[in-house]
Amino acid sequence: MIASTIAKQESKRKAVSILRVVTILVVGFLCGFLQAQEIASDNLSQLIQHAKVESASEISAFQFNASTYASDTRNLPIGVFDSGIGGLTVFEAILGLDQFNNQTLQPQPDGKADFENEKFIYFGDQANMPYGNYAAAGKEDYLRELILKDTVFLLGNRFWKSSSNKQPQFNKPPVKAIVIACNTATAYGLEDVKLALQAWKIPVFVVGVVEAGARGVLESQGSADTSSSSVAVLATVGTCASNAYPRLIGSTFGAAGRRPPQIVQQGFVELAAAIEGDPQIASKGSISDFINRDIANLVEQHRKSGSTSPISTIILGCTHYPLVRSQILEAFDRLRSKEENGQKVYAQLISEKINIVDPAQLTAKELFRSLARNQLRSSATQTVKQTAKQTVDFYISVPNPNCASLQITNDGALDHNYKYSRMPGKLDVEDTVNVPMTSSVLPKTSLNLMQSRLPLVWKSFQASQQ
Ligand code: DGL
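Position one of the sequence shown corresponds to residue 0 (numbering that gives the first Met the number 0), numbered consecutively onward.
Next comes the structure, spelled out in structure tokens:
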């Protein structure tokens, strides 16, 4: 009797899990379908058409030469992009990854960097950042166009030696794979990039950080019951508005037959720009001021929701936030012990122990698996690599002084109103240009962060300057 009740409960549980997975697959399919419909109807299709040229040696802005991809691409570099320097936290994880055996490709560290024979191109679209604020300004279309332009830049050979040059150069190597090392860009552009790569029929794949983050939450929970704890997503306003994390956490837990945890999100408006050292933001407060304010808002929002499940996991859902990890934890600690009228108002809502999920390492692992699956791992030997002058090229976008419509601030950055009022579809306007990233184009704060927090990136960056 008891056995048959257990069997019934078990088959009911399985049926519920199957139903959940089917629902997720149908919803996923419909979302993909709707996104495909959307792409066909807006300016992005114009950019997709414009971007691919077959054989020109000197391509125009926002174009790449597709004939590159007719031959073996294994020894091309891997492209990694972000809206600025935040993606360097993901790049640090890529450079330092040793989770696989490089011979057998099995998930077993072998004491060698997993990407030891690979070359990379890192691009930060710093002139157009923060990406996180475009959606709130009603410019989601423009953001999606920027993300595709970043992709086209990585696929092409065109760059500018400096913004004062009158002509671009055409000897940047194209890439064989793309990592979107930016949560906001993944949330808004990953599907567009996948569809564009399909439309161009080139053997390049793309990996984004948000799916990796959602998987990180599942892994961080182990077999614990997640229904009585909450996960806090710390991300840009744009990433939160896209609902990408709650959606993907839901589908990841659903596929694993688990009940997803409660999720609380907080969009941080200024933090990424403050970490980049943006002088317009620095004048409003310190990095700690922004962190304390936004985390207080997040926890207060959680309290007001009436939830009793404490925050036990936080996702660093913006690539810049690992750089201020300890300040974020301090802000939670401070709130946990904060008293109002003799009462610790938030103590029950913040766990004593907080798991931190940083999507960077999982993204790096996904890159390794995808390279292996697509048989795109470099065939170069260590000896060839050592004779190469450098293995990483860094690029960054800067305002283009030769662009007639350009409006810039006294600091030489794009004017805020100009930045967020631009319209998509103007492929003859190149108001920013992509130049080699050097110490002179980076704010001192960014250089200090690289030097003090990202040792592998710093080493590569220094090598690229020689
Ligand atoms: N790097 C971006 C992210 O991970 C945020 C910075 C920005 O707003 O541009 O979402």
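A virtual CB, placed ideally from N, CA and C, is assigned to each residue, including glycine.
Counted within 10 angstroms of its Cβ, other Cβ atoms place residue i as buried (16 or more) or exposed
i	result
residue 0	For residue 0, the pLDDT reaches just 44, beneath the cut-off of 50, and the residue's location in the model is therefore unreliable, although a value from the coordinates is still provided. Exposed: under 16 other Cβ atoms inside 10 Å.
residue 54	exposed
residue 430	buried
residue 330	buried
residue 124	buried
residue 6	Because residue 6 sits at a pLDDT of 49, beneath the cut-off of 50, its placement in the model cannot be relied upon, and the point is left open.
residue 238	buried
residue 103	exposed
Check: residue i C-beta below 7 Å from any heavy atom of the ligand DGL
i	result
residue 85	yes
residue 437	no
residue 92	no
residue 215	no
residue 100	no
residue 131	yes
residue 449	no
residue 149	no
residue 82	yes
residue 128	yes
residue 340	no
residue 182	yes
residue 317	yes
residue 362	no
residue 225	no
residue 238	yes
residue 234	yes
residue 295	no
residue 271	yes
8 Å contact criterion, which residue i and residue j should meet: CB distance rounded
i	j	result
residue 391	residue 459	4 Å
residue 177	residue 153	6 Å
residue 89	residue 180	4 Å
residue 297	residue 231	6 Å
residue 356	residue 397	Not confirmed; about 33 Å, so no contact.
residue 95	residue 112	7 Å
residue 334	residue 295	6 Å
residue 312	residue 353	7 Å
residue 260	residue 229	6 Å
residue 485	residue 433	Here the chain has residues from 0 to 465 only, and residue 485 is not among them.
* Counting only runs that start and end within the segment 424 to 460, where is the beta strand (DSSP E) found for 3 or more residues in a row? -> 431 to 435
* Asked: Taking the runs of the beta strand (DSSP E) that are 3 residues or longer, which of them lie wholly in the segment 307 to 341?
  -> 310 to 315
* Would you call the segment 127 to 134 and the segment 71 to 84 in contact, with 3 or more CB pairs under 8 Å? -> yes
* Those runs of the beta strand (DSSP E) which lie wholly inside the segment 238 to 272 and span at least 3 residues -> 261 to 267
* Asked: Looking at C-beta atoms only, is the number of pairs between the segment 147 to 165 and the segment 275 to 292 that lie closer than 8 Å three or more?
  -> no
* Should the segment 163 to 171 be regarded as contacting the segment 362 to 370, the criterion being three or more beta carbon pairs within less than 8 Å? -> no
* Asked: So does the segment 213 to 223 actually touch the segment 244 to 260, counting three or more Cβ pairs closer than 8 Å?
  -> yes
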